[in-house]
Amino acid sequence: DTHGAAISDADMAKAMAADAVLFGAVGGPKWDKVPYEVRPEAGLLRLRKDMELFANLRPAICYPALAASSSLKQEVVEGLDILIVRELTGGVYFGEPKQIIDLGNGQKRGIDTQVYDTFEIERISGVAFELARTRRNQVTSMEKRNVMKSGVLWNEVVTQTHKARYSDVKLDHMLADAGGMQLVRWPKQFDVIVTDNLFGDMLSDIAAMLTGSIGMLPSASLGAPDVKTKKRKALYEPVHGSAPDIAGKGIANPIAMIASFAMCLRYSFGMVADADKLEAAIAAVLDDGLRTKDIMSEGMTEVGTVEMGDAIIAKFLA
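Just so we're aligned, residue 961 is where the sequence shown starts under the working numbering, counting upward by one.
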């Protein structure tokens, strides 16, 4: 609003120089009628593109204390811990041509282009396999090879990458639509899911709702390691939107942002013990019965944004 741009060049320079970017939620109906290139969301897309953040990590974790809050049966989601690795800078969102053509007979044609190169699939699958080694050592690759040529290539490259460098990790392939069904049927069968930009967008939102509240979920977007320092550019943000309807009321759930910072500690700074401790602090506060309005249930204690944050910090420092 101040600068007439989604993000200033000065702020982009700061982001490029930083060890990590911790990003708040953006967007809202206030900007629906302004040109897209100056909307807040365009700033986020520029950050992702210019920082080359190709790997989006979306964990879906169901805290035991919130298992009853899910729309699915408690036994289906209790103990859920899956990670969706979404390719973020390729595919149909960025492919060219992308346009609407006037056919001249009262009809129009909308065109989007789904395109992936070998190196894009190799690097995102490599991230998924490496993360699986730190978890339960299982990767499920999802695409639509039955109807899409990009899906055929995706399947081939993931298989080749697995055989060449990650044969110790269990690999399964699944059509993306079947994957969405299986996420609802029995999500605990999955460990790490790797998929393209479009399907990752959809599947991660499905996975988010298994947990009981989208206000609980963090995300990370990672770039390639620097050749010299081996560090990755990275951006961390909550999955939820900006919720302008509750702005200033002190009732927003801060857990997703705090959990995003835990991911920052883990992936950008290698502070794994501190990340584990912060995530355990979140679980402990929920076990104590504290709830913000969005996850409130009978018999629990409703608290505001500040109170929830303070309680988590107190557990972390204890």
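Beta carbons are placed, not taken as given, at the ideal position from N, Cα and C, and that holds for glycine.
Quantities reported herein were computed from a predicted structural model and do not represent experimental measurements.
H1122 by DSSP, collapsed to three states: which one?
Helix at H1122.
Going by the beta-carbon positions, is the gap between I1003 and I967 smaller than 8 Å?
It should be noted that the sequence gives Gly, not Ile, for residue 1003. The answer is yes: Cβ separation under 8 Å.
Is the beta carbon of G1051 sitting closer than 8 Å to the one on N1157?
With a cutoff of 8 Å on beta-carbon distance, G1051 and N1157 are scored as near each other.
Run through DSSP, which three-state label would V1045 get?
Here V1045 sits in strand by DSSP.
Mapping DSSP to helix, strand and coil, what is A973?
In the three-state DSSP reduction, A973 falls in the helix class (H, G or I).
DSSP three-state assignment for E1262, whether helix, strand or coil:
Strand.
CB-CB under 6 Å to R1006, same chain, minus the five flanking residues each way: which ones, in chain order?
The residues are I967.
Compute the beta-carbon to beta-carbon distance between A1216 and L1170, rounded to the nearest angstrom, for a pair I have assumed lies under 8 Å.
With 8 Å as the limit, A1216 and L1170 do not qualify as a contact, their Cβ atoms being about 15 Å apart.
I need the DSSP call for L1131, collapsed to helix, strand or coil.
Of the three classes helix, strand and coil, the one that applies to L1131 here is strand, per DSSP.
Would you say A1168 and V1187 are within 8 Å of each other, going by their C-beta atoms?
Going by C-beta atoms, A1168 is not nearer than 8 Å to V1187.
Paired residues, beta bridge with L982 - DSSP
Answer is Y1196, bridged to L982.
Among M1260, G1269, K1130, which one has its Cα closest to the Cα of A1028?
Taking each of M1260, G1269, K1130 in turn and checking the Cα distance to A1028, the smallest one comes out for M1260.
For P1057, the nearest candidate out of R1125, I1206, R1069 (CA to CA)
Each of R1125, I1206, R1069 was checked against the Cα of P1057, and the nearest Cα belongs to R1069.
Flag this pair as yes or no: are the beta carbons of V1118 and S1101 separated by less than 8 Å?
In this structure, S1101 lies closer than 8 Å to V1118 by Cβ.
Quick one: what does DSSP say V1117 is sitting in, helix, strand or coil?
V1117 falls in the helix class under three-state DSSP.
Tell me which same chain residues have a C-beta within less than 7 Å of the C-beta of A1180, skipping the five on either side of it?
For A1180, same chain residues with a beta-carbon under 7 Å away, outside a window of 5 residues either side, are L1017, A1194, Y1196, M1223, Y1227 in chain order.
For E1080, list the residues DSSP reports as bridge partners.
E1080 is not bridged by DSSP to any residue.
Output the distance between the C-alpha atoms of V1075 and E1082, rounded to the nearest integer angstrom.
In a straight line, the C-alpha of V1075 is about 14 Å away from that of E1082.
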